[in-house]
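The block underneath contains the structure these notes are about, expressed in structure tokens.
2 protein chains.
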Amino acid sequence: MPRVTEEYLAGRRAEILAASARRFAADGFHATSMAGIISESGLSAGAVYRYFRSKEELISAVAEIALSKAKEVFDGLLVDGASPSPAEAVSAMVRGVVARAADDTITKTDLTRLAVQVWGEALSNPEVHQRVGDVYRSLRGHCAEVARRWQAAGHLPPDVLPEQVGTAMLGLVQGFVLQRLLLEETSADAYLAGATALLPGSD
Amino acid sequence: MPRVTEEYLAGRRAEILAASARRFAADGFHATSMAGIISESGLSAGAVYRYFRSKEELISAVAEIALSKAKEVFDGLLVDGASPSPAEAVSAMVRGVVARAADDTITKTDLTRLAVQVWGEALSNPEVHQRVGDVYRSLRGHCAEVARRWQAAGHLPPDVLPEQVGTAMLGLVQGFVLQRLLLEETSADAYLAGATALLPGSD
Chain A
82 MPRVTEEYLA GRRAEILAAS ARRFAADGFH ATSMAGIISE SGLSAGAVYR
132 YFRSKEELIS AVAEIALSKA KEVFDGLLVD GASPSPAEAV SAMVRGVVAR
182 AADDTITKTD LTRLAVQVWG EALSNPEVHQ RVGDVYRSLR GHCAEVARRW
232 QAAGHLPPDV LPEQVGTAML GLVQGFVLQR LLLEETSADA YLAGATALLP
282 GSD
Chain B
82 MPRVTEEYLA GRRAEILAAS ARRFAADGFH ATSMAGIISE SGLSAGAVYR
132 YFRSKEELIS AVAEIALSKA KEVFDGLLVD GASPSPAEAV SAMVRGVVAR
182 AADDTITKTD LTRLAVQVWG EALSNPEVHQ RVGDVYRSLR GHCAEVARRW
232 QAAGHLPPDV LPEQVGTAML GLVQGFVLQR LLLEETSADA YLAGATALLP
282 GSD
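One line per chain: the protein sequences are A and B, in this order. Note that the numbering used here has the first sequence beginning at 82, numbered continuously upward. Note that the numbering used here has the second sequence beginning at 82, numbered continuously upward.
This is the structure in structure tokens:
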């Protein structure tokens with residue numbers, strides 16, 4: 082029996098994620114079955130189930146990719162005790178959506194299209210609801226940290242709760258994700274010009 | 082043959098909308114069939130098809146309800162040449178979502194749950210995509226009018242495009258709609274406190 086390398090396993094896993102992302106994007110999360118994903122992947126059922134036992138596990142894997150991309154954005158923003166403005170953080174997130182999520186190198190797909198479908202699925206599937214909620218709570222926490230530092234630097238009144246500011250920052254990014262897909266004329270530049278005019282502390 | 086009153090027709094139409102909204106909310110837009118809606122309504126197929134020939138027509142009818150609610154909000158904001166701040170308009174929209182859309186008196190359902198499902202459907206259904214796009218272009222136009230007046234009153238730099246500000250305002254509201262459903266702890270008060278801290282021109 083040949084020795085299976087970690088690289089091989091990671092490549093196989095990425096193939097399955099790419100196949101499932103293609104099916105979700107074409108037919109929607111709800112209408113896609115594990116059988117459809119297996120067929121799209123060109124692998125055996127056993128090979129696919131070795132990595133993912135359900136659609137929900139696939140969603141978790143894709144969510145992890147999206148979160149790790151977001152973490153890179155925030156690591157860059159918050160390096161060496163920096164205190165970027167909320168407007169700068171929203172700008173970095175919106176540009177991260179376009180540069181990283183909209184053309185993911187692992188799944189070869191637009192993760193934001195998948196996200197919008199998963200939002201709908203979360204309303205009738207408690208397991209998906211929980212996983213999506215965890216992702217957004219984590220992103221909101223990163224946003225709140227930006228607001229906390231901005232407040233510590235004296236740019237927000239002391240009675241403002243950073244968590245609440247983080248909620249609104251995340252909302253601006255979610256609104257961009259949605260409008261970019263539903264209203265084709267929405268560019269990151271136009272959206273950020275509008276957001277920047279609304280938010281103080283921009284360049 | 083009895084004379085059919087307008088009131089009777091409107092009541093019948095609302096009954097069908099309520100039945101379809103219940104099915105969409107329970108099973109998702111994609112998985113709901115016209116047959117399921119007919120069964121839920123307790124009416125004959127002929128009676129239902131007299132009002133709505135497809136799921137897409139039902140979506141249009143629900144979108145009209147949502148738009149007319151939004152129009153009430155903006156009519157109130159912009160009455161007598163008023164120039165409310167973008168923060169005030171976002172606040173009115175967010176409160177309108179909670180007070181009107183989340184407990185619609187015609188369909189007896191939470192229209193925002195339906196909206197989130199329709200977003201996903203719009204990505205694979207061109208007709209739904211077009212109708213949803215029209216709704217958001219209209220809402221964005223209302224938001225842009227707020228920004229235009231706010232700019233005319235000297236509160237926004239002259240080189241800012243009101244349409245772009247309107248886009249970001251709408252994004253903030255869409256983010257609230259989503260977080261309210263996916264992260265239960267998101268209240269309108271908390272969200273608006275965060276948004277208000279970010280946006281100048283609030284009370």
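Even glycine gets a Cβ: it sits at the ideal position worked out from N, Cα and C.
Give the secondary structure of A/S268 by DSSP, where H, G and I count as helix, E and B as strand, and everything else as coil.
coil
For A/L263, which of A/N206, A/V241, A/T193 and A/D215 has the nearest alpha-carbon?
A/T193
Give me the subset of the stretch 162-179 of chain B whose CB atoms are less than 7 Å from a CB atom of chain C, sorted by chain position.
Structure shown: chain C not included; protein chains present are A and B.
Any C-beta of chain A sitting closer than 8 Å to the C-beta of B/R218?
yes
Does DSSP classify B/H59 as helix, strand or coil?
Examination of residue 59 of chain B is not possible in this model, given that chain B is present from 82 through 284 alone.
Between the alpha carbons of A/E96 and A/E137, how many angstroms are there, rounded?
Computed Cα separation, rounded: 17 Å.
Return the first residue and the last residue of the alpha helix (DSSP H) that A/T248 is part of.
P243 to L263
Within 10 angstroms of its Cβ, does A/V160 collect 16 or more other Cβ (buried), or is it exposed?
It is exposed - the Cβ of A/V160 has fewer than 16 other Cβ atoms within 10 Å.
Establish whether the CB of B/D156 and some CB of chain A are separated by less than 8 Å.
no
Following the continuous alpha helix (DSSP H) through A/A147, name the residue where it begins and the one where it ends.
K136 to L158
Got a sec: is the Cβ-Cβ distance from A/A151 to anything in chain B below 8 Å?
no
Step through the CB atoms of chain A and report whether any lies within less than 8 Å of the CB of B/Y272.
Yes - at least one Cβ of chain A is within 8 Å of the one on B/Y272.
How about A/D284: is its C-beta nearer than 8 Å to some C-beta of chain B?
Note that A/D284 has pLDDT 39, beneath the 50 cutoff, so the model's placement of it is unreliable and the number below is only indicative. False, the Cβ-Cβ gap to chain B never drops below 8 Å.
Note down, in chain order, each residue of its chain lying with its Cβ closer than 8 Å to the Cβ of B/V129, except the 5 sequence neighbours on either side.
I97, M115, I118, I119 and S122
Please go through the same chain and pick out, in chain order, the residues whose beta-carbon is closer than 8 Å to the beta-carbon of B/D191, but skip the five residues on each side of it.
A106, A182, A183, D184 and D185
Using the beta-carbon of each residue, which ones in chain A are nearer than 9 Å to B/P135?
One point to set straight first is that residue 135 of chain B is Ser, not Pro, in the sequence displayed. The contact set of B/S135 on chain A, defined by CB atoms closer than 9 Å, is empty, because the minimum CB distance reaches about 18 Å.
Grab me the residues of A/G109's own chain with a C-beta within less than 7 Å of its C-beta, minus the 5 sequence neighbours each way, in chain order.
Q198
Are the beta-carbon atoms of B/A151 and B/L251 separated by less than 8 Å?
no
Which residue marks the beginning of the alpha helix (DSSP H) containing B/V199, and which one marks its end?
Where B/V199 is concerned, the enclosing alpha helix (DSSP H) stretches over L192 to A203.
Just checking, does the stretch 226-236 of chain B make contact with the stretch 231-239 of chain A on the three C-beta pairs under 8 Å criterion?
no
Bounding residues of the alpha helix (DSSP H) (the contiguous stretch that carries B/A112)
B/A112 -> no alpha helix (DSSP H), and no H or E assigned at all.
Once you ignore the five residues that flank B/T103 on each side, which residues in its own chain have a CB closer than 7 Å to its CB?
Before going further, note that residue 103 of chain B is Arg rather than Thr in the sequence given. Answer for B/R103: E121 and T190, listed in chain order.
B/T277 in three-state terms, based on DSSP:
In the three-state DSSP reduction, B/T277 falls in the helix class (H, G or I).
Proximity test, A/E202 beta-carbon vs the ligand FMN heavy atom, cut-off 7 Å
For the ligand FMN, the structure offers nothing, since it holds no ligand at all.
Please tell me whether B/G214 has its Cβ less than 8 Å away from any Cβ of chain A.
yes
Where does A/S164 sit, in a helix, a strand or coil, going by DSSP?
coil
On the three-state DSSP scale, how would you describe A/A95?
helix
In chain B, which residues lie with their C-beta within 8 Å of the C-beta of A/D184?
Result: empty, since nearest Cβ-Cβ is about 16 Å, beyond 8 Å.
Range covered by the alpha helix (DSSP H) that runs through A/A126:
A126 to Y132
Any C-beta of chain A within less than 8 Å: which residues of the stretch 200-211 of chain B qualify?
Under the 8 Å Cβ criterion, the stretch 200-211 of chain B contributes W200, G201, E202, A203, L204, S205 and H210.
Three-way DSSP call (helix, strand, coil) for A/R104 in this model:
helix
Beta carbon proximity, A/R103 to chain B, threshold 8 Å:
no
Whole-Å CB distance - B/A174 paired with B/V246, under 8 Å assumed
Strictly speaking, residue 174 of chain B in this sequence is Met, with Ala absent from that position. Not a contact, Cβ separation roughly 14 Å.
Which bits of chain B does A/G123 rub up against, with CB to CB less than 7 Å?
The premise fails here: A/G123 is roughly 23 Å from chain B at the closest Cβ pair, so nothing lies under 7 Å.
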